[in-house]
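Have a look at the structure below before the remarks.
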Amino acid sequence: MVDLSLDLGQPHSHLVHVSLRCTPATPVLRLRLPAWTPGSYLIRDYVRHLEALEIRQGTQSLRPSRSDPAGWRLELPSLEPIEIRYKVLAADLSVRTCHLDGDHGFLALAALALQVEGERWSSHRLSLRLPAGWQAFVPLPLQADGSWLAVDFDQLVDTPVEAGPHREHRFSVAGVPHRWVCWDATAPADVAPDSLLKAHPTLLQDVAAVCQACCRLMGEPAPAAAPAYLFVLHLLDQGYGGLEHDSSTVLQFGRQALLKPEGYRQLLQLVAHEYLHQWNVRRLRPAALCPIDYDKPVIVPGLWFAEGVTSYFDQLLPHLAGLSSEEDVLHDFGSDLSRFLLSPGRLAGQSLRQSAQEAWVKLYRREANSDDNQISYYLKGAILALVLDLELRRSGSCLAQVLRDLWARLGRWGRGYREQDLLEAFCARSPGLAERFPAWLDGFEDPDLPAYLQDVGLMLEPQLAPSPHVGLTASLQGGTLEVVRVVRGGPSQEAGLVVGDELIALEGLRLRKLEDLAPLLQAGQRQAITISRRGRLRTLAITASAPAVERWRLLEDPAAAPEALERRRQWLALVPC
Ligand SMILES: [Zn+2]
218 MVDLSLDLGQ PHSHLVHVSL RCTPATPVLR LRLPAWTPGS YLIRDYVRHL
268 EALEIRQGTQ SLRPSRSDPA GWRLELPSLE PIEIRYKVLA ADLSVRTCHL
318 DGDHGFLALA ALALQVEGER WSSHRLSLRL PAGWQAFVPL PLQADGSWLA
368 VDFDQLVDTP VEAGPHREHR FSVAGVPHRW VCWDATAPAD VAPDSLLKAH
418 PTLLQDVAAV CQACCRLMGE PAPAAAPAYL FVLHLLDQGY GGLEHDSSTV
468 LQFGRQALLK PEGYRQLLQL VAHEYLHQWN VRRLRPAALC PIDYDKPVIV
518 PGLWFAEGVT SYFDQLLPHL AGLSSEEDVL HDFGSDLSRF LLSPGRLAGQ
568 SLRQSAQEAW VKLYRREANS DDNQISYYLK GAILALVLDL ELRRSGSCLA
618 QVLRDLWARL GRWGRGYREQ DLLEAFCARS PGLAERFPAW LDGFEDPDLP
668 AYLQDVGLML EPQLAPSPHV GLTASLQGGT LEVVRVVRGG PSQEAGLVVG
718 DELIALEGLR LRKLEDLAPL LQAGQRQAIT ISRRGRLRTL AITASAPAVE
768 RWRLLEDPAA APEALERRRQ WLALVPC
């Protein structure tokens, strides 16, 4: 048993005081802090926020040596119990880091809990000391003494801890108890606890309906995968994100987005996404994450399936729950298809498989040229999920059925899946996919989207930009216009502009604001643009080309046959054709 006590008693300091007690099994003690947290594929070096580590055994203070930046080693005088103390700076507000101040505390335990070598599979007891008036919301079994018990280090790290003067709401989905906790950072403390529910009185019912739709997707009758479930929502002024766990999720959402009609739908889609992850990725898990290596990046080829398929269904689930219209679904799929078709990175930068493999170094580390050299495995994965769903429907099956097959064969038993398992599951329902599936994963050619959409009576229509194409994005920074993106192969790149150039003048006239660039948008006319690069002025010639496609719209095909309309109805209801 490892005892982890966290003291949040001085919230204004942002410091969490940690005490970790255990009885060593070997004379050499090795400690490590995880470098990343599952679900967010980026090395975060959490150890940079750890300070003042000390180890005590009885009355002795022991000094460990550093084995590497995130690890310590110590030869112990005896096997008597030890206490490891340290502090962690909790000043980073995201769903995958720690944040503590006078309003609330949120702890991602991967960023906070040292792993004691040899104790990974031992149970870990978690205790908290909180400021007066706060309570903790922890998705672990509560013990009689007020502590929580995790069966092992993995379950501990999979436990997000939220604490504050918040209120908890309970509901049940398929007989499984669910809790909803919202920290509203945008409202004064006295009205915050229920402000979101006042603005959206049906929220809890709607969340429960989305959860029920998820359970239906995974098989009927099907309770949630977890024995209990906790939603934690951080409602901020702006923000968007979520992190999945076995029995909980942490969501971040912007109040400003909720003011728009589609904002509430996006919140329900986020709920659907993270909730579906309790099956797809947490339990039906890529083999590369069985078990999880917390110390270094792991190539996970199946990430496109974990995120793409989940992103695809998160748009359909609120509709299945009766909370969004067919028009809404087509609008949302249309936005995704448009973003995909306007992403140059899909044609030359990355295949879908490469996008998943390079998650650690590209998706979470975007730069000015990222649109040219990468394609998100969330976005392309969701487009491929749509294509696979429509392809499977030609064989009388559907994507939901394949997901349920994989769950029944592997996920339910905790067996990780390899790419071959995915291929077999798809081919069992649609043998024709044996050839196409690997080509879609490795290739740079788009699937035949118009043909697949025609199956369900839909069509894509390009919409041209109202003005000529320059291929340049600038932003006003500190009183100067700075180039922040140059489209690969576009007129600006041809002219020799690069990211970071200061735009000084156009045809000899000073550029001071974005609107001053308007004369540039004249097709076929060569213009002189003066820039400053590394402090030296130079003048380049730029010629805008004909307007480019600005957006793709997903429309109902007026000539669609009745059979196509019937297939669309079945597709949106998630039943096989
Ligand atoms: Zn996800």
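Residue numbers (the numbering used here): 218 to 794.
Each residue gets a CB set at the ideal place from its N, CA and C atoms; glycine is no exception.
The structure presented is a predicted model; accordingly, all values stated were derived computationally and were not measured.
Cβ-heavy atom distance between residue i and ligand 1 below 6 Å?
| i | result |
| --- | --- |
| threonine 403 | no |
| aspartate 527 | In the sequence under discussion, the amino acid at residue 527 is threonine, which differs from the aspartate named in the question. Threonine 527 Cβ: within cutoff of ligand 1. |
| glutamate 524 | yes |
On a Cα-Cα basis, can you pick out the residue from the options that is closest to residue i?
| i | options | result |
| --- | --- | --- |
| aspartate 588 | Gln532, Lys730, Ser560, Pro664 | Ser560 |
| glycine 613 | Phe643, Leu487, Ala585, Leu627 | Phe643 |
| proline 172 | Leu232, Asp622, Val449, Ala425 | As shown, the chain starts at 218 and ends at 794. That puts residue 172 outside it, with no answer to give. |
| proline 503 | Gln574, Val546, Arg433 | Gln574 |
| glycine 363 | Val355, Asp549, Ser555 | Val355 |
| glycine 456 | Ala668, Val312, Leu689 | Val312 |
| alanine 645 | Val619, Tyr634, Gly633 | Val619 |
| valine 604 | Glu544, Pro667, Ala576 | Pro667 |
| alanine 380 | Asp320, Pro535, Thr314 | Asp320 |
| alanine 745 | Ala523, Gln352, Ile759, Val390 | Ile759 |
Residues in its own chain within less than 8 Å of residue i by CB, not counting five upstream and five downstream?
| i | result |
| --- | --- |
| leucine 754 | Ile721, Thr747, Ile748 |
| glycine 713 | Leu757 |
| alanine 269 | Arg302, Tyr303, Lys304 |
| aspartate 672 | Leu607, Arg610, Arg611, Ala781, Arg784 |
| arginine 570 | Pro518, Trp521, Leu658, Asp659 |
| histidine 536 | Ser542, Glu543, Asp545, Val546, Leu789 |
| tyrosine 594 | Leu520, Trp521, Glu524, Gly525, Leu569, Ser572, Ala573, Ala576, Leu580 |
| aspartate 369 | Arg337, Trp338, Ser339, Ser340, His341 |
Roughly how many whole angstroms lie between the Cα atoms of residue i and residue j?
| i | j | result |
| --- | --- | --- |
| glutamate 711 | valine 703 | 10 Å |
| alanine 565 | methionine 676 | 25 Å |
| proline 348 | aspartate 318 | 11 Å |
| valine 449 | leucine 460 | 10 Å |
| aspartate 606 | leucine 693 | 44 Å |
| leucine 324 | cysteine 794 | 45 Å |
| histidine 316 | leucine 601 | 37 Å |
| valine 378 | glycine 525 | 28 Å |
| alanine 252 | isoleucine 509 | 12 Å |
| histidine 548 | arginine 482 | 12 Å |
| leucine 596 | alanine 765 | 22 Å |
| serine 541 | alanine 361 | 43 Å |
| valine 427 | glutamine 787 | 19 Å |
| glycine 752 | asparagine 590 | 29 Å |
| cysteine 507 | aspartate 733 | 56 Å |
| glutamine 277 | leucine 293 | 11 Å |
Between which two residues does the beta strand (DSSP E) containing residue i stretch?
| i | result |
| --- | --- |
| leucine 759 | Reading the sequence as shown, one finds isoleucine at residue 759 and not leucine. Where isoleucine 759 is concerned, the enclosing beta strand (DSSP E) stretches over 753-760. |
| tryptophan 769 | 766-773 |
| alanine 367 | 365-367 |
| tyrosine 457 | 457-461 |
| phenylalanine 370 | Segment 370-374 is the alpha helix (DSSP H) holding phenylalanine 370; no beta strand (DSSP E) there. |
| histidine 395 | 393-401 |
| isoleucine 600 | That residue, isoleucine 600, is in no beta strand (DSSP E); its alpha helix (DSSP H) goes 594-611. |
| glycine 381 | 377-381 |
| phenylalanine 654 | Not the beta strand (DSSP E): phenylalanine 654 falls in the alpha helix (DSSP H), residues 650-659. |
| glycine 480 | Here glycine 480 belongs to no beta strand (DSSP E); instead the alpha helix (DSSP H) covers 478-493. |
| histidine 451 | 446-453 |
| phenylalanine 470 | 465-471 |
Considering residue i, what are the terminal residues of the alpha helix (DSSP H) in which it resides?
| i | result |
| --- | --- |
| alanine 645 | 636-646 |
| isoleucine 624 | Checking the sequence shown, residue 624 turns out to be tryptophan, not isoleucine. Per DSSP, tryptophan 624 belongs to the alpha helix (DSSP H) from 616-626. |
| arginine 786 | 779-789 |
| tryptophan 425 | One point to set straight first is that residue 425 is alanine, not tryptophan, in the sequence displayed. 420-434 is the extent of the alpha helix (DSSP H) around alanine 425. |
| tyrosine 529 | 527-537 |
Can you name, in chain order, every residue of its own chain whose Cβ lies under 7 Å from the Cβ of residue i, other than the five neighbours on each side?
| i | result |
| --- | --- |
| proline 394 | Arg387, Ala445 |
| leucine 653 | Per the sequence shown, residue 653 should be read as arginine rather than leucine. Here the set comprises nothing. |
| valine 264 | Leu250, Pro286, Ala287 |
| histidine 234 | Asp224, Lys304 |
| alanine 367 | Ser340, His341, Leu343, Leu357, Leu373, Thr376 |
| histidine 490 | Gly459, Thr527, Ser528, Asp531 |
| alanine 777 | Gly674 |
| glycine 480 | Ala474 |
| cysteine 432 | Val390, Ala391, Ala439, Pro440, Ala441 |
For residue i, which residues from the same chain have a beta carbon less than 6 Å from its beta carbon, with the 5 sequence-adjacent residues on both sides left out?
| i | result |
| --- | --- |
| arginine 238 | Asp220, Glu300 |
| alanine 740 | Pro685, Ala761, Ala763 |
| histidine 231 | Leu306, Ala307, Ala308, Leu317 |
Using 6 Å as the cut-off, classify the Cβ of residue i as near or not near the heavy atoms of ligand 2, replying yes or no.
| i | result |
| --- | --- |
| leucine 347 | Absence of ligand 2 is noted for the structure shown, with ligand 1 being the only ligands found. |
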